[in-house]
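**Q** Sending over a structure as structure tokens; questions will come in a sec.
Numbering (our numbering), first residue to last: 10 to 252.
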């Protein structure tokens, strides 16, 4: 029992449950989107579902960046002025350990959010005939490149700082090493969690108002060529049919 207590005391909570759930859910959604991207794939019907799930996750993370715990908030890890000194220390092979995101990690978060949003937006545009497949594919491969750079960065920083960053995103905890834990009132955490659920719920509701079958596997052909699936449920489309 004493050893267990000492082990917990030697670590501190960094990533809250919503942040970790977002991270791994987005990993799953992007992975599903890529493996279902080919028309001949047995998972092709799930491609649009993965895109809509990613859209909900992006909306959530943008909001959570303002109401989440200290390490999840943009104000605490988006630090442009700290990037150059951090890069110098990284090149020297002695980057400082960060409790939350380091300066480059903060930029990576923004880049990955922007890249995922761009791919999702162009994919949604294709369902209404206003999107461009070449742009969608180019952005998707650009996002894949960002992901590779991110993973390499995580591995490099884990080796140089002796801090397993991937494990921390699973457990939510990192070695304390003298750091003072960030304490927030339980009531604030509860309100933030309630707000997060509301954000996800409203996002899903809004998307299903736009396309009521958004989260159901559908025809890849319908997703790529057209508006039929969405306009059939849209008031304007129904009015045109009646005319």
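All C-beta atoms in this analysis are idealised placements derived from N, C-alpha and C, irrespective of residue type, glycine included.
Whole angstroms is fine: what's the gap from residue 213's alpha carbon to residue 221's?
**A** C-alpha separation (whole angstroms): 10 Å.
**Q** Rounding to the nearest angstrom, what Cα-Cα distance links residue 129 and residue 63 in this structure?
**A** Cα-Cα distance, rounded: 7 Å.
**Q** Do you know offhand how far residue 107's Cα is from residue 67's?
**A** One C-alpha to the other measures close to 24 Å.
**Q** Could you check where the alpha helix (DSSP H) with residue 27 kicks off and where it finishes?
**A** Residues 26-44.
**Q** According to DSSP, is residue 153 helix, strand or coil?
**A** Helix at residue 153.
**Q** Checking the sheet assignment: what are the DSSP bridge partners for residue 21?
**A** 183.
**Q** Does the beta-carbon distance from residue 50 to residue 58 come in below 8 Å?
**A** Going by C-beta atoms, residue 50 is not nearer than 8 Å to residue 58.
**Q** Are three or more beta carbon pairs between the stretch 22-32 and the stretch 71-80 nearer than 8 Å?
**A** Output reads yes: the stretch 71-80 touches the stretch 22-32.
**Q** If we call anything under 8 Å between Cβ atoms a contact, is residue 180 one with residue 104?
**A** No, the pair does not count as a contact, with Cβ atoms beyond the cut-off.
**Q** Is the CB-CB distance between residue 226 and residue 120 below 8 Å?
**A** Not in contact: residue 226 and residue 120 (Cβ atoms no closer than 8 Å).
**Q** Quick check on DSSP: helix, strand or coil for residue 85?
**A** In this structure, residue 85 counts as helix in the three-state DSSP scheme.
**Q** For residue 223 and residue 172, what's the separation of their Cα atoms in angstroms?
**A** Approximately 40 Å between the Cα atoms of the pair.
**Q** Along the chain, where does the alpha helix (DSSP H) that runs through residue 207 open and close?
**A** That run of the alpha helix (DSSP H) goes 195-219.
**Q** Residue 218 to residue 158, Cα distance in whole Å?
**A** Approximately 37 Å between the Cα atoms of the pair.
**Q** Counting along the chain, where does the alpha helix (DSSP H) carrying residue 55 start and finish?
**A** Residue 55 -> no alpha helix (DSSP H), and no H or E assigned at all.
**Q** Report all residues from its chain with a CB closer than 6 Å to the CB of residue 241; omit the five preceding and five following residues, and keep chain order.
**A** Note that residue 241 scores a pLDDT of 44, beneath 50, so its modelled location is shaky and nothing firm can be said.
**Q** How big is the Cα-Cα spacing for residue 90 and residue 34?
**A** For residue 90 and residue 34, the distance between alpha carbons rounds to 31 Å.
**Q** Helix or strand or just coil, what does DSSP make of residue 102?
**A** Correct three-state label for residue 102: coil.
**Q** My guess is that residue 174 and residue 163 are in contact by the Cβ rule of under 8 Å, so how many angstroms apart are they, rounded?
**A** Indeed, because the Cβ distance is near 5 Å, the residues count as touching under 8 Å.
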